[in-house]
Every structure is written in structure tokens, then in C-alpha cells.
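In my numbering, the protein residues as written are 3 to 291.
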């Protein structure tokens, strides 16, 4: 289907990513990874904060603070004054990598994926920060993406964009750590599609941004494709639910990798969109430090 997409913010991100609807503030935050910026809007207009290096994903801590994933650490960030405090180092001993996709889980943990700065094969991993412990759960990943959680907490999903594969892993009910090995969930290799960021709705449908396809596409809990929401930008990078009743789908996009002709053909590439869908999402979980 053709989505009812509207521009939320017309700043053209080089690599827009990591949209987060802050449920306590009723406000969307997102990133331009390559420019090292956190972006948002309020009633007075656009907002931005510069970090001096790549930042990619966030979770909310309280009304005034976010947990922000930088290239070297997880940071406690003050929305009011822009100050940061280190929480834990993240692959700080490997200058080849940076953070990428991330999301909070139902237990208050924060899952964060890493990748090589030049997408070097196998350099990335999926980590979880939970109540003071940062633990590597899965390694050998090239481009970590699609971290998302079932509404009943039964499982998580994640992807390796380079392998065009989305996995699903069962979670323990007590504390949310993986229970067993990840299992293939959606193989997009035969279709030549590239899974980027993703989010699950209240029914457990996984909505995946497909890089290069100009869409957010839904996959039902049984892995069957549900529908395709088209957006006016080739590189759609990550969706998020928010707004009243979590009924609005937001989507970040990117200009990265688009030549002059493609940018001319897609003048809204890199902008951030709202999409009218009639879906109902989940509230983003709060991170517990």
C-alpha cells in the first residue's frame, strides 16, 4: 500500500537513525549518525545537540534524561542542558567499531548493536546493558539492526543487514536474557532486500525499514509478509511508534550513498516522516540503570 506519509522534519540527515518516542515527554528524538547529532522538535521548532562523534540510538531514563549510545560508550544525557555522563564503555578498546541500532527491553535493559566503521565483515556484536552489567550476547555480525521486542516479552529480534537475515531469540521471563540460540525468522536474501531498523507493534508484527527499497514492511509473528508502507525516500533506516495511543509511525531516512541524480529525483531523502497507518504500537520501555 502507499502510506500517508508527511514530513515531520525537513532537515536532510546524512544517516538518520534511531527514532525514539519519549512517552513521558510526548516527544520524538532521533539521530544523524554521521554528523554526530541528536535531533528533535518541540512547539518552538527544531532542536539539535552535537556530540562530536557518532551517536546512533537511545532509550529513556526519566522525563529529563536519555541513555545515548555513542561510538565508544553509553552516556547519560541531560535534555535540559546537553550535558553527558559516562555509564559504561562500549568496545572502547577497538577503534574500528561504533554503535548502531539499539532499543530498551521490557526488563529495563538496553540492547545495543555495533558494527565496523567501514562495515567490515563480522566486526559487530549485540550487547545488553542490564542493571550495571554490559554483556556481549551475539558476535560475528557485520551491520547490527532491527533490535525489537515482542509485546509479551517472549522474544527479541535482531538483524544483520549485510546477511539480509532477521533472527528471533527466546527470552527468559525472569530477567530477559536470551534463552537459547537465535533462530532464523525472515530471510530477505532471495528478495535482495536489506533489513535496517525495526519495531514491533502491539500485535507482535515486526515493522522493518528496508534500506534501498523506500519502505517500512511488516512481517507477522509467523514470518509472513503483511504489507509494505512506501515512503518518498529510497533509504528508509528505522521506524518508531508514538503519538496519541502510539498510533503514529515515525521513520528516519538517509542521504548516504545517494548520488546527485538520486537526490534530485528524491528531494525528501534524508528527512524524517510521520506515517498514517491505523496501526497501534507499544510504548518504549524505560531503561533502568
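Heads up, the beta-carbon is just placed ideally off N, CA and C, and yes, glycines get one too.
Judged by beta-carbon spacing, residue 242 lies beyond the 7 Å limit of residue 289, meaning their Cβ atoms are not closer than that value. Residue 172 and residue 262 have their C-alpha atoms spaced approximately 44 Å apart.
For secondary structure counted as the beta strand (DSSP E) over 3 or more consecutive residues, the segment 66-126 holds these complete runs in sequence order: 67-72, 75-80, 86-91, 99-106 and 112-118.
Inter-residue distance for residue 258 and residue 38 is about 14 Å (C-alpha atoms, whole angstroms). In this model, residue 221 and residue 205 are separated by some 11 Å (Cα to Cα). Residue burial is scored here from C-beta neighbours: residue 105 has at least 16 other C-beta atoms within 10 angstroms and is therefore classed as buried. In the three-state reduction of the DSSP assignment, residue 248 falls in the helix class, which pools H, G and I. Between the alpha carbons of residue 240 and residue 19 lies a gap of roughly 6 Å. Judged by beta-carbon spacing, residue 215 lies beyond the 7 Å limit of residue 147, meaning their Cβ atoms are not closer than that value.
In the DSSP assignment, residue 159 is bridged to 150 and 170. With 16 or more other Cβ atoms inside 10 Å of its own Cβ, residue 126 counts as buried. Rounded to whole angstroms, the separation of the alpha carbons of residue 252 and residue 93 is 30 Å. Comparing C-alpha distances from residue 110 to each of 151, 120, 119 and 207 shows the shortest one belongs to 151. Residue state for residue 291 is assigned as coil, using DSSP reduced to three classes. For residue 194, same chain residues with a beta-carbon under 8 Å away, outside a window of 5 residues either side, are 166 in chain order. Judged by DSSP in its simplified three-state form, residue 26 adopts coil rather than helix or strand. Residue burial annotation: residue 123 is exposed, with fewer than 16 other C-beta atoms found within 10 angstroms of its C-beta. Taking 8 Å as the upper bound for CB-CB distance, residue 223 and residue 270 are not in contact here, some 32 Å apart.
With a threshold of 16 other beta carbon atoms within 10 Å, residue 196 meets it and is buried. In this structure residue 114 is in contact with residue 129, their Cβ atoms being roughly 5 Å apart against a cut-off of 8 Å. The same chain holds no residue with a CB closer than 6 Å to that of residue 48 once the five nearest residues on each side in sequence are set aside. Under the DSSP assignment, residue 211 falls in the beta strand (DSSP E) whose first and last residues are 208-213. Pairing residue 283 with residue 203 gives a Cβ-Cβ distance under 7 Å. For residue 266, the uninterrupted alpha helix (DSSP H) run begins and ends at 262-267, by DSSP. About 10 Å separates the beta carbon of residue 231 from that of residue 210, a gap too long to meet the 8 Å contact definition.
Pairing residue 72 with residue 17, the inter-Cα distance amounts to about 14 Å. Remark: C-beta atoms of residue 100 and residue 56 approach each other more closely than 7 Å.
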